[in-house]
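Working notes, structure below.
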Ligand SMILES: NC(=O)c1ccc[n+]([C@@H]2O[C@H](COP(=O)([O-])OP(=O)(O)OC[C@H]3O[C@@H](n4cnc5c(N)ncnc54)[C@H](O)[C@@H]3O)[C@@H](O)[C@H]2O)c1
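Residue numbers (our numbering): 249 to 609.
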């Protein structure tokens, strides 16, 4: 089995998790690391035995013999390195969400199609047994036609701080950062219906005004420039209607969880950031002349690092075998279409806005 060689662009928090995951699997290795703060790249290189260190990722792309890169820069800085790497003939695994704006995300997908290289967005939940099984439940026709869904990603007091709360690095807040997990999970399970309109409200009252409490992730309550809460009503071309709810910060234990109502059955899913009140997978039906619930057994929540291992192995396998991206970038782009709708509608005071899927071919 050929070992796939990758370079890291950005050497902050999540890059460390990729390094750890890759150090624990066979068939993929990190050959170089870059960060504009070169000391961070040097530290990561020393810790994980990475042979080459760069402050400029363009130089890394030119000088090192790598098959692909993992883009671990802050969200509003994903497009530039992704596009540079694709144009340099490298495959790309870009951290989530794809980008801060729909335009930037569309340009990434367009470049992937033009260069024929893999663009995979790091949506680790796609590798969880709950999401894989939920998609199977839907493709086997168990739900009939889905007509309504709710998708939720929430934390009670989990404002992440740092580059996540600055407009210039994150672009947007919870709706993009953890909201992308809820949106991608729902869109994938439903088979990527095309969104046509979004109506949304957002706020950041709690992050800015609440005194720090025990258990809060980010003790600085003044530095949040982005929203920490959002709710949207999304309409799809095929008639499905969906409520999308997200929060980094709230006086509540859960916003209710993620579920799908179909003409033949309903499905509820709880997994990691999209956990809702409980982890698991349940199907609700009328059977045997009565109401039944089917719950999936043996679906222990996977540790984060396990999902990162599966994600990196899928990326390496697709490169090695010449397969398409394990996470279709065109489908992924729909998360940015909805997030852009949330941004535009909330800026317009919650008015419904039409959304369109950009042409990327
Ligand atoms: N998949 C997950 O579970 C998960 C978890 C956390 C973060 N993320 C995502 O990962 C991304 C990064 O998050 P983080 O927590 O590692 O952020 P971070 O701020 O800790 O790290 C970002 C790093 O990128 C570097 N950087 C900035 N511009 C650069 C450039 N032009 N070239 C090279 N390096 C550059 C910074 O110096 C910094 O070291 C975000 O998009 C975030 O949403 C994903």
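For every residue, glycine included, the Cβ atom is placed at its ideal position computed from N, Cα and C.
From a predicted model like this one, the values you see are computed outputs, not experimental measurements.
Of the residues the options, the one placed nearest residue i, counting alpha carbons only
i, options, result
"residue 271", "325, 451, 251, 359", "251"
"residue 544", "365, 519, 494, 311", "519"
"residue 397", "481, 371, 261", "481"
"residue 265", "383, 275, 464, 560", "560"
"residue 347", "596, 571, 582, 600", "582"
"residue 509", "490, 526, 501", "490"
"residue 243", "365, 364, 369", "Here the chain covers residues 249 to 609 and nothing more, so residue 243 does not appear."
"residue 439", "407, 464, 408, 382", "382"
"residue 579", "386, 276, 374", "374"
"residue 287", "274, 296, 259", "259"
"residue 290", "486, 256, 450", "256"
"residue 576", "292, 364, 459", "364"
"residue 403", "465, 537, 292", "465"
"residue 268", "249, 285, 292", "292"
"residue 587", "449, 387, 384", "449"
"residue 542", "351, 385, 395", "385"
"residue 601", "387, 483, 395, 285", "483"
Pairwise C-alpha distance: residue j and residue i
i, j, result
"residue 294", "residue 530", "45 Å"
"residue 598", "residue 447", "5 Å"
"residue 318", "residue 433", "22 Å"
"residue 603", "residue 427", "18 Å"
"residue 281", "residue 462", "36 Å"
"residue 399", "residue 569", "34 Å"
"residue 278", "residue 511", "48 Å"
"residue 316", "residue 562", "13 Å"
"residue 305", "residue 339", "14 Å"
"residue 430", "residue 492", "8 Å"
"residue 592", "residue 326", "21 Å"
"residue 516", "residue 528", "8 Å"
"residue 411", "residue 533", "44 Å"
"residue 309", "residue 554", "28 Å"
"residue 262", "residue 445", "33 Å"
"residue 349", "residue 595", "14 Å"
"residue 488", "residue 513", "15 Å"
"residue 526", "residue 276", "34 Å"
"residue 460", "residue 273", "39 Å"
"residue 283", "residue 307", "11 Å"
"residue 336", "residue 574", "21 Å"
"residue 485", "residue 441", "7 Å"
"residue 470", "residue 297", "38 Å"
"residue 351", "residue 557", "30 Å"
"residue 501", "residue 458", "17 Å"
"residue 535", "residue 312", "60 Å"
"residue 436", "residue 537", "32 Å"
"residue 539", "residue 468", "49 Å"
Paired residues, beta bridge with residue i - DSSP
i, result
"residue 402", "495"
"residue 517", "506, 529"
"residue 541", "532"
"residue 277", "253"
"residue 396", "489, 509"
"residue 367", "340"
"residue 601", "446"
"residue 477", "451, 495"
Rounded distance between the beta-carbons of residue j and residue i, thought under 8 Å
i, j, result
"residue 253", "residue 314", "5 Å"
"residue 566", "residue 572", "7 Å"
"residue 473", "residue 414", "6 Å"
"residue 408", "residue 589", "Not confirmed; about 23 Å, so no contact."
"residue 334", "residue 367", "7 Å"
Contact with chain B by residue i, beta-carbon distance below 8 Å
i, result
"residue 441", "The chain labelled as chain B is not found in the depicted structure, where only one protein chain is given."
Worksheet item: When the Cβ atoms of the segment 473-483 are set against those of the segment 413-421, are three or more pairs found closer than 8 Å?
Response: A contact between stretches requires three or more CB pairs, one per stretch, nearer than 8 Å, and the segment 473-483 meets this requirement with the segment 413-421.
Fill in: Stretch-stretch touch, CB-based, cutoff 8 Å, three pairs: the segment 351-367 with the segment 597-608
Yes: the two stretches touch, three or more of their Cβ pairs being nearer than 8 Å.
Item to complete: Please confirm if the segment 489-507 is in contact with the segment 521-535, defined as three or more CB-CB distances below 8 Å between the two stretches.
Response: Taking 8 Å as the limit for Cβ pairs, the verdict is that the segment 521-535 does touch the segment 489-507.
Fill in: Segment contact, 8 Å Cβ cut-off, at least three pairs: the segment 387-402 with the segment 292-311
Using a Cβ-Cβ distance cut-off of 8 Å, the segment 387-402 and the segment 292-311 are not in contact, since fewer than three pairs of beta carbons, one from each stretch, lie closer than that value.
Worksheet item: Taking three-plus beta-carbon pairs below 8 Å as touching, is the segment 310-327 in contact with the segment 338-345?
Response: Here the segment 310-327 makes contact with the segment 338-345; the two share three or more CB pairs at distances below 8 Å.
Worksheet item: Counting pairs of Cβ atoms below 8 Å between the segment 452-468 and the segment 492-502, do you hit three or more?
Response: Verdict: yes, contact present.
Worksheet item: Do the segment 543-562 and the segment 372-386 make contact, defined as three or more Cβ pairs closer than 8 Å?
Response: Using a C-beta cut-off of 8 Å, the segment 543-562 makes contact with the segment 372-386, since at least three inter-stretch Cβ pairs fall below that distance.
Discussion item. Which residues neighbour ligand 3 when neighbourhood means a C-beta less than 6 Å away from any of its non-hydrogen atoms? List them by chain order.
Written reply: Ligands in the displayed structure: ligand 1; ligand 3 is not one of them.
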